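Notes for the one structure printed next.
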Amino acid sequence: MPSLEQSSRPEQGDEIALAILAAPCQENPCRDIASQAPQESAIISDPGISRSPLIKSKVTLTATLVALFLSLFLAALDFSIATTATPTIFNELHSATLYTWIGSAYLLSSAATTPVWAKLSDIWGRKIILLGAVVTFAVGSATCATSTTMGSLITGRSIQGSAAGGMIILTSICISDLFSMSHRGFYLGLMGVIWSLAGGIGPLLGEALTQYVSWRWNWWINLPTSGLSFLILCLYFHVHNPKTSILRGVQAADWLGILFVLGMSLMFLLGLNLGGIISPWGSPKVICLLVFGFFASIIFVIYEARFAQNPIMPMRILRKRSNVASVLVCFMHSMVNVSSWYFMPLYFQSVKGSSPLHSGLLLFPITVLQSSVGVAAGLDVNSSLVEIVFLEIVTGIGVGLVFQPLIIALQSSVEQEDMAAATGLMGFARSLATAISVVIGGVIFQSEMQAQYKEMLSFLPLDVAQKFSGDSAAANIKFIDTLEPMQKMFVKACYARSLRTMWIFYASVAVLGLFLSMFILRQSLSTLHVETMTGLEKAAGGSRRLEDGEPQGA
Numbered sequence: 008m009p010s011l012e013q014s015s016r017p018e019q020g021d022e023i024a025l026a027i028l029a030a031p032c033q034e035n036p037c038r039d040i041a042s043q044a045p046q047e048s049a050i051i052s053d054p055g056i057s058r059s060p061l062i063k064s065k066v067t068l069t070a071t072l073v074a075l076f077l078s079l080f081l082a083a084l085d086f087s088i089a090t091t092a093t094p095t096i097f098n099e100l101h102s103a104t105l106y107t108w109i110g111s112a113y114l115l116s117s118a119a120t121t122p123v124w125a126k127l128s129d130i131w132g133r134k135i136i137l138l139g140a141v142v143t144f145a146v147g148s149a150t151c152a153t154s155t156t157m158g159s160l161i162t163g164r165s166i167q168g169s170a171a172g173g174m175i176i177l178t179s180i181c182i183s184d185l186f187s188m189s190h191r192g193f194y195l196g197l198m199g200v201i202w203s204l205a206g207g208i209g210p211l212l213g214e215a216l217t218q219y220v221s222w223r224w225n226w227w228i229n230l231p232t233s234g235l236s237f238l239i240l241c242l243y244f245h246v247h248n249p250k251t252s253i254l255r256g257v258q259a260a261d262w263l264g265i266l267f268v269l270g271m272s273l274m275f276l277l278g279l280n281l282g283g284i285i286s287p288w289g290s291p292k293v294i295c296l297l298v299f300g301f302f303a304s305i306i307f308v309i310y311e312a313r314f315a316q317n318p319i320m321p322m323r324i325l326r327k328r329s330n331v332a333s334v335l336v337c338f339m340h341s342m343v344n345v346s347s348w349y350f351m352p353l354y355f356q357s358v359k360g361s362s363p364l365h366s367g368l369l370l371f372p373i374t375v376l377q378s379s380v381g382v383a384a385g386l387d388v389n390s391s392l393v394e395i396v397f398l399e400i401v402t403g404i405g406v407g408l409v410f411q412p413l414i415i416a417l418q419s420s421v422e423q424e425d426m427a428a429a430t431g432l433m434g435f436a437r438s439l440a441t442a443i444s445v446v447i448g449g450v451i452f453q454s455e456m457q458a459q460y461k462e463m464l465s466f467l468p469l470d471v472a473q474k475f476s477g478d479s480a481a482a483n484i485k486f487i488d489t490l491e492p493m494q495k496m497f498v499k500a501c502y503a504r505s506l507r508t509m510w511i512f513y514a515s516v517a518v519l520g521l522f523l524s525m526f527i528l529r530q531s532l533s534t535l536h537v538e539t540m541t542g543l544e545k546a547a548g549g550s551r552r553l554e555d556g557e558p559q560g561a
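Mind the numbering: the sequence shown is residues 8 to 561 in this note's numbering, read in order.
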């Protein structure tokens, strides 16, 4: 990324973040020096440089942000909206084996396609690829809403997920294109708020639609909303348009790299999702998927580093120790973050006896705020509601504070032409960490419940103890309410101890992330806006300065 020359005229103070929506260009045009590398020095602001965004109309910029955040909200909402509708869908579509793939298909396809969307936006431009993702998401939603079999529903969820991967990562990339390094953090932070709200609202909205309308409206609701986002993007979203022809783009795309990244992601994530749920961990199917996924990832790295002409994931991004540390901390952070979303409802329902709806409401403190999850290790059977909410708030603040600085740290130390690829790499790391974290947390919980099986036999009948051992424990939460008071208290204590061990593991992951964060070097954050050039000719210069009054894009 080019280093930027400061103006000689200092300004008198800083505007607040929202003021940059309407700020005009300074009299002196901003200039960039493409020959200089980014400096790894103290975080500073360039006080004499224009703070106006590249889109200069307040109305246009506001409309663009609304459309981007709306598409992000839809993608995030569909991660959780169907969770409470699953039993109803199972009863209507009559599938006892495939219902778990309603969520897994969305997660797998979203994770696998993230870096692909980022690279395609470099070739054909941000706008056309983002519009394509929104249309694909609408098609997937319509497929889900009209499904008459579980197979067609899973197909629709896969289409949705592949589009969601693009909508999520392209929102980050587009915001990074629109704002300077020092100001984009505010808007990237809003992405975290929207993501958290969607995660909290999703289960509640899904249950309401399923109960009072139909489970199909979990997906019909996406069509008018995605249509509105599409329309606003068409009218107001103006960034650099390379006008790359379809033929030239297809010829230049790194199809072998795309094949490798899709193959390794799907094999590895599919193995993680099958293991311990549909097939035993030691089954040939699971072992082959994990092993082949691992070797495919090695081949992918070698190919991208040595042979790819236009790599989907340039390995030069990881040549700096600071960049490697940023990606690893992002990975650790995502592992810790998902522990709250995925396993706190298990604590609420098993130990505190909450309903699924009440569990969703109890997640709102961490939703609103988003330290270390080590505080959750203090939760037990006797924890009060006040204590639970307080610990959620502490955890939420800590988790939320780390979201955006990591992507800023990575973006500020790569070349402008690699910004989209670096953002895609960060999103890919988050997706992988989420899938791996869910599996590891589940294995720890199941192992701890199995370790208490002998003790259970001294308090419970054999058939009852078997319901709460190993991989049966998470599926038999509702059975706790049928036990006698003393038995119920004992089983709740077993769940609490198992979850406590799991949260101690996540606390250790957070500590490891803290250690790795010490290797992230501080960067100079410029307030100068540099237009990102996309297309096949961008190698000649990944950015250009904007003349005073010149609009961005075409």
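For each residue, glycine too, the CB sits at the ideal point set by N, CA and C. This one's a predicted model, so the numbers in the text were calculated from it and none came from an experiment.
Bridge-paired residues (DSSP) for residue i
i       : result
Ser-286 : Gly-282
Whole-angstrom C-beta distance between residue j and residue i, which should lie under 8 angstroms
i       : j       : result
Ser-346 : Gly-448 : 6 angstroms
Phe-452 : Met-509 : 5 angstroms
Ser-333 : Ile-527 : 5 angstroms
Lys-495 : Ile-484 : So it is not a contact: roughly 12 angstroms between Cβ atoms.
Leu-281 : Val-298 : That pair is no contact at about 14 angstroms.
Ala-3   : Asp-261 : Within the shown structure, residues of the chain are numbered from 8 to 561, placing residue 3 beyond reach of any answer.
Met-426 : Pro-122 : Actually they are not in contact, since the Cβ atoms of Met-426 and Pro-122 sit about 13 angstroms apart, beyond 8 angstroms.
Leu-212 : Ile-88  : 6 angstroms
Met-174 : Ala-82  : 4 angstroms
Closest residue to residue i among the options (Cα-Cα distance)
i       : options                               : result
Phe-338 : Ala-303, Gly-256, Leu-519 and Gln-423 : Leu-519
Thr-91  : Ala-82, Ile-294, Ser-290 and Gly-209  : Gly-209
Asn-317 : Gly-542, Thr-67 and Gly-213           : Gly-542
Ser-148 : Asn-344, Gly-282 and Pro-231          : Pro-231
Leu-216 : Ile-228, Ser-236 and Ser-116          : Ile-228
Leu-413 : Leu-335, Phe-350, Ala-442 and Glu-422 : Leu-335
Phe-302 : Phe-275, Ser-286 and Ser-290          : Phe-275
Asp-478 : Ser-505, Gly-300 and Gly-196          : Ser-505
Ser-420 : Glu-455, Met-322 and Arg-529          : Arg-529
Thr-539 : Ile-182, Met-174, Ile-265 and Gly-270 : Ile-182
Ala-500 : Val-471, Met-463, Val-516 and Ala-125 : Met-463
Gly-172 : Arg-328, Trp-288, Gly-206 and Ala-140 : Ala-140
Ser-304 : Asn-225, Pro-287 and Met-322          : Met-322
Gly-278 : Ser-189, Ile-265, Gly-300 and Gln-258 : Gly-300
Val-471 : Ala-481, Leu-490, Gln-459 and Glu-455 : Leu-490
Arg-507 : Ser-454, Leu-521, Pro-468 and Thr-150 : Ser-454
Ser-444 : Val-516, Lys-474 and Tyr-243          : Val-516
Tyr-349 : Lys-461, Gly-207 and Phe-497          : Gly-207
Arg-326 : Asn-225, Gln-258 and Leu-417          : Leu-417
Leu-562 : Val-257, Glu-214 and Thr-71           : Residue 562 is absent from the structure shown; the chain starts at 8 and stops at 561.
Asn-330 : Gln-218, Ala-428, His-190 and Leu-195 : Ala-428
Sequence-distant residues of the same chain with beta carbon closer than 8 angstroms to residue i, five excluded per side
i       : result
Leu-105 : Met-157, Gly-158 and Ile-161
Neighbourhood of residue i by C-beta distance below 7 angstroms, restricted to the same chain and skipping five residues each side
i       : result
Arg-437 : Cys-337 and Ser-341
Ile-306 : Phe-267
Leu-263 : Tyr-310
Leu-114 : Gly-168 and Ala-442
Arg-223 : Ala-152
Lys-250 : none
Ile-150 : Note on residue identity: the sequence assigns Thr, not Ile, to residue 150. Contacts found: Ser-159, Thr-162, Gly-163 and Ile-166.
Asp-184 : Arg-133, Val-246 and Thr-539
Leu-177 : Trp-124, Ser-128, Arg-133, Ile-136, Leu-137 and Ala-140
Distance cut-off 7 angstroms: residue i Cβ against heavy atoms of the ligand GDP
i      : result
Lys-65 : Here there are no bound small molecules, and the ligand GDP is not part of this structure.
Own chain partners of residue i with C-beta closer than 6 angstroms, once the 5 adjacent residues on each side are dropped
i       : result
Ile-201 : Phe-76, Leu-79 and Phe-80
Asp-387 : At Asp-387, the pLDDT of 47 sits below 50, so the modelled position is not reliable and the matter cannot be decided from this model.
Ala-74  : Ser-236, Ile-239 and Leu-240
Ser-165 : Ala-112 and Ser-116
Ala-119 : Leu-269, Ser-272 and Leu-273
Gln-457 : Ser-476 and Gly-477
Ser-179 : Thr-430
Gly-234 : none
Ser-524 : Val-336
Thr-563 : Given a span of 8 to 561 for the chain in the structure shown, any question on residue 563 remains unanswerable.
>> To test your reading of the DSSP string, which unbroken beta strand (DSSP E) runs of 3 or more residues are found completely within the segment 305 to 350?
In response: As far as the segment 305 to 350 is concerned, it has no whole beta strand (DSSP E) run of at least 3 residues.
> Which runs of the alpha helix (DSSP H) spanning at least 4 residues fall entirely within the segment 214 to 282, listed in chain order?
Replying inline: 224 to 227, 229 to 243, 253 to 259 and 262 to 281
> Taking only runs of the alpha helix (DSSP H) that begin and end inside the segment 466 to 514, which ones reach a length of at least 4 residues, in chain order?
Replying inline: 469 to 474
>> So within the segment 111 to 164, which uninterrupted beta strand (DSSP E) runs reach at least 3 residues, ignoring any that extend past its ends?
In response: List check, beta strand (DSSP E) in window: nothing returned.
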